[in-house]
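Report on the following structure.
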Amino acid sequence: MIVKTAEFVTSVADKNKIKNDLPEIAFVGRSNVGKSSFINCLTSRNKLAKASSEPGRTRLINYFAINSSFYFVDLPGYGFARVSDAEKDKWSEMIEGYLLNSKQLRNVFVIMDIRHPASELDKVMINFLNHYRIGFTVIATKTDKIKKSQLPRYVKALAESLYLTPSSVYPVSSETGEGKQKVLERMDYLLSLPPREE
Ligand SMILES: Nc1nc2c(ncn2[C@@H]2O[C@H](COP(=O)(O)OP(=O)(O)OP(=O)(O)O)[C@@H](O)[C@H]2O)c(=O)[nH]1
Ligand SMILES: [Mg+2]
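Heads up: the sequence shown begins at 2 in the working numbering, then just goes up one per residue.
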């Protein structure tokens, strides 16, 4: 896959408000883990998705059209401590509503930090996706923060925390672009899959 064009389309709070016939790949993960940065990395566009060192940057569902043929969907991060319970409820409703109702969703990229095993909320997310038979891909980001020689050890630890095999985890760095090519190749396969059954 070569990303030729990438453009911001819209932000919505309620998934039902957008009518869409193109396939979607969604990005989920803990707040501040690097979802928006990874979208920028995959599209080679620095400021496409708003990234920030301040957690809770993405507060709506953001759609980006890629090559005018499919969408990246950037979702708000979970587990951001400094918001009220009411706001947390609103976010999880937004994320769950999107994941359950998007008929064009082909795969969910679950972004995690290579340096840490899955958190409780990551496990809740993976269980949720398994339960509803929604296909997902685990992306372990920020590999530039660890020594190269340590990479296999960290990938193994992360995979084991989710009862997955290490080969199913994609290590990447949005900073250096390491691992990006393998993810772009996987996207070709994912986008060839048929839509979800009703
Ligand atoms: N070193 C390094 N820093 C990264 C990487 N990816 C993201 N970051 C940094 O991590 C911080 C958070 O990145 P975002 O992309 O905004 O994270 P997010 O998951 O979209 O955050 P929310 O929208 O708040 O949920 C920023 O300061 C990024 O520069 C990476 O691969 N390597
Ligand atoms: Mg974000």
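Here a beta-carbon is modelled for each residue, glycine too, at the ideal position from N, C-alpha and C.
(request) Select from Asn63, Tyr99, Arg31 and Gly178 the residue whose C-alpha is nearest the C-alpha of Ser45. (result) Position 44 of the sequence shown, counted from the first residue, corresponds to residue 45. It is Gly178 whose Cα lies nearest to the Cα of Ser45.
(request) Give every residue of the same chain whose Cβ lies closer than 8 Å to the Cβ of Thr166, excluding the five residues on either side of it in the sequence, and list them in chain order. (result) Against the sequence shown, residue 166 aligns to sequence position 165. So the qualifying residues of the chain are Ala160.
(message) ligand 3 and Asp145: does the residue's C-beta get closer than 7 Å to at least one heavy atom of that ligand?
(response) Of the ligands this structure carries, namely ligand 1 and ligand 2, none is ligand 3.
(message) Any heavy atom of ligand 2 closer than 7 Å to the beta-carbon of Gly80?
(response) Taking the first residue of the sequence shown as position 1, residue 80 is located at position 79. Because no heavy atom of ligand 2 lies under 7 Å away, the Cβ of Gly80 does not count as near it: no.
(message) Below 7 Å, is the gap between the Cβ of Asp189 and the nearest heavy atom of ligand 2?
(response) In the sequence shown, the residue the question calls residue 189 occupies position 188. Because no heavy atom of ligand 2 lies under 7 Å away, the Cβ of Asp189 does not count as near it: no.
(message) Classify Tyr99: buried if its beta carbon has 16 or more other beta carbons within 10 angstroms, exposed otherwise.
(response) In the sequence shown, residue 99 corresponds to position 98, counting from 1. Looking at its Cβ environment, which holds 16 or more other Cβ atoms inside 10 Å, Tyr99 is buried.
(request) Drop a sphere of 10 angstroms on the beta-carbon of Tyr72, count the other beta-carbons inside from all chains shown, and report buried for 16 or more, exposed for fewer. (result) Counted from its first residue, the sequence shown places residue 72 at position 71. Classification for Tyr72: buried.
(message) Quick check: what's the CA-CA separation for Phe9 versus Tyr64?
(response) Here the question's residue 9 lines up with position 8 in the sequence shown. Here the question's residue 64 lines up with position 63 in the sequence shown. Between Phe9 and Tyr64, the C-alpha separation is close to 6 Å.
(message) Check whether the segment 110–123 and the segment 137–155 touch, using three or more Cβ-Cβ pairs below 8 Å as the test.
(response) yes
(request) Use the C-beta contact count for Lys146: other C-beta atoms within 10 angstroms, 16 or more gives buried, fewer gives exposed. (result) Your numbering for residue 146 matches position 145 in the sequence shown. With fewer than 16 Cβ atoms within 10 Å of its Cβ, Lys146 is classed as exposed.
(request) Could you pull out every residue in the same chain whose Cβ sits closer than 7 Å to the Cβ of Thr11, ignoring the five residues on either side in sequence? (result) As a working note, residue 11 is residue 10 in the sequence shown. So the list reads Ile19 and Tyr64, once near-sequence residues are dropped.
(request) Using beta-carbon positions only, say whether Arg187 and Lys143 come within less than 8 Å of one another. (result) Residue 187 sits at position 186 when you count from the first residue of the sequence shown. Residue 143 sits at position 142 when you count from the first residue of the sequence shown. Result no, Cβ atoms of Arg187 and Lys143 do not sit closer than 8 Å.
(message) Quick check: Leu130 and Pro24, are their CB atoms within less than 8 Å of each other?
(response) Sequence index remark: in the sequence shown, residue 130 carries index 129 (1-based). Sequence index remark: in the sequence shown, residue 24 carries index 23 (1-based). Result no, Cβ atoms of Leu130 and Pro24 do not sit closer than 8 Å.
(message) What does the alpha-carbon distance come out to for the pair Gln125 and Asp189?
(response) Translated into the one-based positions of the sequence shown, residue 125 becomes position 124. Translated into the one-based positions of the sequence shown, residue 189 becomes position 188. Here residue 125 is Val; the residue named in the question, Gln, does not match the sequence. The alpha-carbon atoms of Val125 and Asp189 are separated by roughly 28 Å.
(message) Report the CB separation of Tyr79 from Leu122 in whole angstroms; it is logged as a contact under 8 Å.
(response) Here the question's residue 79 lines up with position 78 in the sequence shown. Here the question's residue 122 lines up with position 121 in the sequence shown. Indeed they touch by this definition, with Cβ atoms about 5 Å apart.
(request) Could you tell me the distance, in whole angstroms, from the CA atom of Leu163 to the CA atom of Phe28? (result) The sequence position of residue 163 within the sequence shown is 162, counting from 1. The sequence position of residue 28 within the sequence shown is 27, counting from 1. Leu163 and Phe28: Cα-Cα distance of roughly 18 Å.
(request) Leaving aside the five residues before and after Val13 along the sequence, list all residues of the same chain whose C-beta is less than 8 Å from its C-beta, in chain order. (result) The residue given as residue 13 occupies position 12 in the sequence shown. Cβ neighbours of Val13 within its own chain (closer than 8 Å, five residues either side excluded): Ile19, Leu61, Ile62 and Tyr64.
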